[in-house]
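One structure is given here, and the rest of the page talks about it.
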Amino acid sequence: MKLTPKRSVAVAAVVSLFLFNFIVLGWCSFSSYLIFYHLVKYILIQTVFLILVYLYSQRSGDPSLLSKPYFQLAIVCFGLVLFIFCVQDLTAPALSAPDIDSSEKYFIAANLYNNEAILPQWSRELLRLVSTLGPASVYISIVESNSKDGTKQFLRKFDKLLDQQGIRHRIRMSDDADTSNRIINRIPFMAEIRNQALEPFYETYSATNQSERYDRILFFNDIVFTSEQILHLLDTNQGNYDMACSIDFDYSGLYDRWVARDRNGRLVSMYYPFIQDLPTQQLLRDRQDFPVYSCWNGVVALDTKPFYAHQSLKFRSSKEGECYSSECFLLPSDLQDYGYKKIFMNPRVLVTYDYTSYFLWNELLRWKFAQVFMEYSGIFPLESDYWIRGNITQEKNYECIIDDFH
Numbered sequence: 283m284k285l286t287p288k289r290s291v292a293v294a295a296v297v298s299l300f301l302f303n304f305i306v307l308g309w310c311s312f313s314s315y316l317i318f319y320h321l322v323k324y325i326l327i328q329t330v331f332l333i334l335v336y337l338y339s340q341r342s343g344d345p346s347l348l349s350k351p352y353f354q355l356a357i358v359c360f361g362l363v364l365f366i367f368c369v370q371d372l373t374a375p376a377l378s379a380p381d382i383d384s385s386e387k388y389f390i391a392a393n394l395y396n397n398e399a400i401l402p403q404w405s406r407e408l409l410r411l412v413s414t415l416g417p418a419s420v421y422i423s424i425v426e427s428n429s430k431d432g433t434k435q436f437l438r439k440f441d442k443l444l445d446q447q448g449i450r451h452r453i454r455m456s457d458d459a460d461t462s463n464r465i466i467n468r469i470p471f472m473a474e475i476r477n478q479a480l481e482p483f484y485e486t487y488s489a490t491n492q493s494e495r496y497d498r499i500l501f502f503n504d505i506v507f508t509s510e511q512i513l514h515l516l517d518t519n520q521g522n523y524d525m526a527c528s529i530d531f532d533y534s535g536l537y538d539r540w541v542a543r544d545r546n547g548r549l550v551s552m553y554y555p556f557i558q559d560l561p562t563q564q565l566l567r568d569r570q571d572f573p574v575y576s577c578w579n580g581v582v583a584l585d586t587k588p589f590y591a592h593q594s595l596k597f598r599s600s601k602e603g604e605c606y607s608s609e610c611f612l613l614p615s616d617l618q619d620y621g622y623k624k625i626f627m628n629p630r631v632l633v634t635y636d637y638t639s640y641f642l643w644n645e646l647l648r649w650k651f652a653q654v655f656m657e658y659s660g661i662f663p664l665e666s667d668y669w670i671r672g673n674i675t676q677e678k679n680y681e682c683i684i685d686d687f688h
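Each residue of the sequence shown is one higher than the one before, counting from 283 in the numbering used here.
Right, here's the structure in full:
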């Protein structure tokens, strides 16, 4: 097909739209992997539209339709509409960072194992978070154990980078591991590993100078997240909480159901809206923080006052006579027993353990239509979750389940 002047204008218009997307999205983005995701999504839509226009022009018997002014105008207008939606995606209120108390000190802890795939993004967002909170106000403690991939090598480089930036930290790596696959052996091991990550924090118990103590603990799993999400987590319930949790997902739905309980101590479902308590469901739909009995679910923010007041408060395994539970469940359960009941989940902080699930759930739960479909279509009823239909027993103020997987 000969490239006439009019067709040249049409091609130039399309190319200009694509370049416009690249330039402006690069300017307004907050993370390289999100810009790539939104770019690909909207450019694919533009491409499909152009292919349909071209096919229509061929079927109509008038191949010159593409060069006609009204088609060129339609292409430009369609591209601009997509561009506006794309900018809204990247500048949505949920992605903007709330104000954080600059006078507070933060202890950041993490356990890592075989996380080479996500560590570049994980470390980049962690450094962005530290930059916002203030490097002088932060201590980072990372414990890695028995990784078989490139996690150790990456952490050695990250250790040097933290040194260069003057960020206080401790990174401990070892080849110790629980070689048993049985959960009864794994929980004491994981409790010990998590307590190792908090050792520099425990050392501040003896500090007589208040300025040497921390105000908040941030404890990370091996998740995909953004700095802005963690700032939202710190701002849960306007900062008035004993413990605040994200919501974590895998490809099929809510992930850490062994730990999470609703405000009445009931088990939660993998299917939206996850929780059977009706007032909590409404808070979730409105993307408002909602109270729970327990949670962990990817990353948590903890007020340090309970730890300084009760220095025996640590990760642990179940005691004799207790329902066998995760160390991540027993910590909020112990907080409840001590009277610290302000435990919340934050539905604006959705995290996952891989990039695909991150984009899936952060995209789905932004759209009201998707929420309504998941809730009312009947395809994913809460009670269909095998977890809720399992062998449930009542332990103190919460439900626990005897399950072959745990």
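Glycine included, C-beta positions come from ideal geometry on N, C-alpha and C. Remember, it's a predicted structure, so these values are computed and weren't measured experimentally.
Requested in this report: Return the chain-ordered list of same chain residues with a C-beta closer than 6 Å to the C-beta of Phe312, the five sequence neighbours on each side being excluded.
Outcome: Unreliable placement is indicated for Phe312, whose pLDDT of 39 sits below 50; the coordinate value is still reported in the next sentence. Cβ within range, chain order: n/a, list empty.
Query raised in the report: Skipping 5 residues on each side, what residues in its chain have a beta carbon closer than 6 Å to that of Thr634?
Result: Val506, Phe531, Tyr640
Report task. Express the C-alpha separation of Pro482 and Ser589 in angstroms, rounding to a whole number. Result -> Going by the sequence as given, residue 589 is Phe instead of Ser. Roughly 13 Å separates the two Cα atoms.
Query - Delimiting residues of the alpha helix (DSSP H) encompassing Cys610 - result: 609 to 619
Query raised in the report: What is the rounded straight-line gap between the Cα of Tyr496 and the Cα of Leu480?
Result: 12 Å
Query raised in the report: To the nearest whole angstrom, what separates the beta carbons of Met525 and Leu595, a pair I think is in contact under 8 Å?
Result: With 8 Å as the limit, Met525 and Leu595 do not qualify as a contact, their Cβ atoms being about 11 Å apart.
Query raised in the report: Is the CB-CB distance between Leu401 and Phe436 below 8 Å?
Result: yes
Requested in this report: Report the rounded CA-to-CA distance for Glu494 versus Gln328, giving the unit in angstroms.
Outcome: 55 Å
Report task. Can you tell me which of the three DSSP states His514 falls into? Result -> helix
Query raised in the report: Can you find at least 3 beta carbon pairs, one from the stretch 532 to 548 and one from the stretch 560 to 578, that sit closer than 8 Å?
Result: yes
Query raised in the report: Excluding five sequence neighbours on each side, which residues of the same chain lie with their C-beta closer than 6 Å to the C-beta of Leu271?
Result: Because the chain is modelled from 283 through 688, residue 271 falls outside the range shown and cannot be assessed.
Query raised in the report: With a CB to CB cut of under 7 Å and the five nearest residues on each side skipped, what residues in its chain are close to Pro380?
Result: Leu513, His514, Asp517
Query raised in the report: So who's on the other strand from Ala473, going by DSSP bridges?
Result: According to DSSP, Ala473 bridges with nothing at all.
Query raised in the report: Which residues share a DSSP beta bridge with Phe389?
Result: Tyr421, Ile499
Query raised in the report: What did DSSP end up calling Pro375 once you bin it into helix, strand or coil?
Result: For Pro375, the pLDDT reaches just 45, beneath the cut-off of 50, and the residue's location in the model is therefore unreliable, leaving the point undetermined.
Query raised in the report: Tell me which same chain residues have a C-beta within less than 6 Å of the C-beta of Ser423, skipping the five on either side of it?
Result: Ala391, Arg452, Ala479, Pro482
Query - Continuous beta strand (DSSP E) stretch holding Pro629: start and end - result: 625 to 634
Report task. Tell me whether Val550 sits in a helix, a strand or coil according to DSSP, three-state version. Result -> coil
Query raised in the report: Say the cut is 7 Å; is the CB of Trp643 nearer than that to a heavy atom of the ligand FAD?
Result: The ligand FAD is absent from the structure shown, which contains no ligand whatsoever.
Query raised in the report: The beta strand (DSSP E) with Leu584 in it runs from where to where?
Result: 581 to 585
Requested in this report: For Arg476, I'd like the list of residues in its chain whose CB is within less than 7 Å of its CB, leaving aside the five on either flank, ordered along the chain.
Outcome: Asn393, Phe597, Glu609
Query raised in the report: Who are the near neighbours of Ile625 in its chain, counting only those whose CB is closer than 8 Å to its CB and skipping five residues on each side?
Result: Tyr523, Asp524, Met525, Ala526, Cys527, Pro573, Val574, Tyr575, Ser576, Cys577, Pro614, Leu617, Gln618
**Report entry** 8 Å Cβ shell around Ser462 - same chain, five flanking residues per side excluded
**Finding:** Model confidence at Ser462 stands at a pLDDT of 49, short of 50, so the residue's coordinates are unreliable; what they give is reported in the following sentence. Cβ within range, chain order: Arg468.
Query - Glu481, DSSP secondary structure in three states - result: helix
Query - Residues that Asp544 bridges to, as DSSP identifies them - result: Val574
Query raised in the report: Taking C-alpha atoms, which residue in Trp643, Gly361, Gly432, Lys387 lies nearest to Ser534?
Result: Trp643
Query raised in the report: Can Gly432 and Glu398 be called in contact, C-beta distance under 8 Å?
Result: yes
**Report entry** Arg539 in three-state terms, based on DSSP
**Finding:** coil
Report task. Find out if the Cβ-Cβ distance for the pair Leu415, Ile449 is shorter than 8 Å. Result -> no
**Report entry** Burial state of Tyr622 (16 or more Cβ within 10 Å)
**Finding:** buried
Report task. Tell me, please, which residues DSSP counts as bridged to Phe655. Result -> According to DSSP, which records beta bridges pairwise, Phe655 is partnered with nothing at all.
**Report entry** Environment of Asp686 [buried if 16+ CB atoms lie within 10 Å]
**Finding:** Confidence in Asp686 is poor, its pLDDT being 41 and thus under 50, which makes the residue's placement too unreliable to answer from.
Requested in this report: Decide if Phe611 is buried, meaning its Cβ has at least 16 other Cβ atoms within 10 Å, or exposed.
Outcome: buried
**Report entry** Selection from Pro629, Thr638, Leu664 that minimises the alpha carbon distance to Arg648
**Finding:** Pro629
**Report entry** Of the listed residues Gln564, Ala356, Tyr484, nearest to Val654 (C-alpha basis)
**Finding:** Gln564
Query raised in the report: Leaving out the 5 sequence neighbours to the left and right, which residues in its chain are closer than 8 Å to Arg498 when beta-carbon positions are compared?
Result: Glu386, Lys387, Tyr388, Phe389, Leu516, Ala583, Leu584, Asp585, Thr586
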